[in-house]
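Inspection log for the structure reproduced underneath, given as structure tokens.
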Amino acid sequence: MTLENYFPKILDKQVDTRKKDITIEHLLQMSVGLDWPEFGEWNYMPPMFVHDIVKFVFDRPLVDDPGSRMNYNSGCSHVLSAIITKATGMKTSAFAERYLLGPLGIEDYLWFEDAKGISYGSDGLRLLPYDLAKIGQLYLQEGMWKGKQIVSAEWVKESTEPRLLTYDYIGHYASHWWVAKLEPDQQDFSMNNRMIFAMGRSGQFIIVIPSLQTVIVFTSTLENTIKPLAFVRDYIVKSMV
Numbered sequence: 001m002t003l004e005n006y007f008p009k010i011l012d013k014q015v016d017t018r019k020k021d022i023t024i025e026h027l028l029q030m031s032v033g034l035d036w037p038e039f040g041e042w043n044y045m046p047p048m049f050v051h052d053i054v055k056f057v058f059d060r061p062l063v064d065d066p067g068s069r070m071n072y073n074s075g076c077s078h079v080l081s082a083i084i085t086k087a088t089g090m091k092t093s094a095f096a097e098r099y100l101l102g103p104l105g106i107e108d109y110l111w112f113e114d115a116k117g118i119s120y121g122s123d124g125l126r127l128l129p130y131d132l133a134k135i136g137q138l139y140l141q142e143g144m145w146k147g148k149q150i151v152s153a154e155w156v157k158e159s160t161e162p163r164l165l166t167y168d169y170i171g172h173y174a175s176h177w178w179v180a181k182l183e184p185d186q187q188d189f190s191m192n193n194r195m196i197f198a199m200g201r202s203g204q205f206i207i208v209i210p211s212l213q214t215v216i217v218f219t220s221t222l223e224n225t226i227k228p229l230a231f232v233r234d235y236i237v238k239s240m241v
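End of the sequence shown = 241 in our numbering, gap-free, step of one.
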């Protein structure tokens, strides 16, 4: 099913017909090809305070063929949230509460919505550090939680497989997860030399290190967003090894 099935009115009005080739996989891997200077002139704050965020995203000019290059794009995350709502008939927050947050015992959270009532897919969820760690532990355990398969093991592997490298100083992008080497200078990129992480602005992290069976969470207000990665490599990993 193409995105045209979810947003026909928006995509039918696009002059650049290549936008109809954008898939859910492109959204997951942020390789939609749209002009989106979030890690640039927007300084991590995309101007998405508009009535129709999905339309705003697709109205951006296409500068790369879909699937050819990853460029960080919070708009992709919000479009995915809109797709979940259309596909399930549930708000993303309600869907997550039933199938993820509820089973993990996460009750204390806030999830903001846009003007159309769509749960923000980009930056609208507020969780406590302990609950962030639960999500990391879920992935460390390949989707298992208290003996029950909450997320399929196949999806855990697929969503954390490194795909595209755009930002050398961060790592490869997977499907809304980042993947980097524990020892950047080594050629080895196996699970023994890999850390998987979710990264938020100002140094918010869920870091999963499979080889050490370890989950690390950071919450901070750092100007250097990626500073915790160096801390993990230089201190935590070396001390454990």
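Where a beta carbon is used, it is the ideal one built from N, C-alpha and C, also for glycine. A quick note: this is a predicted structure, and the numbers were derived from the prediction, not measured.
The continuous stretches of alpha helix (DSSP H) do not include H51, and DSSP gives it neither H nor E. Nearest in C-alpha terms to Y173, of all of L222, E25, E142, L132, is E25.
Linking V156 to I150 through their CA atoms gives a straight-line distance of about 11 Å. Of all C-beta pairs linking the stretch 130-138 to the stretch 212-223, three or more are shorter than 8 Å, placing the two stretches in contact. Of M30, R98, P47, the smallest CA-CA separation from D65 is found for M30. When DSSP states are grouped into helix, strand and coil, F218 belongs to the strand group. Here E4 has L11, K20 as same chain residues with Cβ atoms under 6 Å from its own Cβ, once five neighbours each way along the sequence are excluded. Fewer than three beta-carbon pairs drawn from the stretch 46-53 and the stretch 87-105 are found closer than 8 Å, and the two stretches are therefore not classed as touching. Apart from sequence neighbours up to five positions away, the residues of its chain that approach Y109 with a beta-carbon distance below 8 Å are L101, L125, R126, L127, L128, D131, ordered along the chain.
Counted as a single uninterrupted DSSP element, the beta strand (DSSP E) harbouring G171 occupies residues 171-173. If you draw a straight line from the Cα of A115 to the Cα of Q187, it comes to about 47 Å. DSSP places A180 in no alpha helix (DSSP H) but in the uninterrupted beta strand (DSSP E) bounded by 178-181. Comparing alpha-carbon positions, the option among G105, Y6, E154, A230 lying closest to K134 turns out to be G105. For the set Y167, S239, Y139, the Cα lying nearest the Cα of M195 is the one of Y139.
Cβ contact annotation for G67 (same chain, cutoff 7 Å, sequence separation greater than five): H26, S31, in chain order. In the three-state reduction of the DSSP assignment, A198 falls in the strand class, which pools E and B. Residues Y169, I170 of the same chain have their beta carbon placed closer than 7 Å to that of I226, with the five preceding and five following residues left out of the count. Taking C-alpha positions only, S81 is separated from W145 by approximately 24 Å. In the structure shown, R126 falls within a strand segment according to DSSP collapsed to helix, strand and coil.
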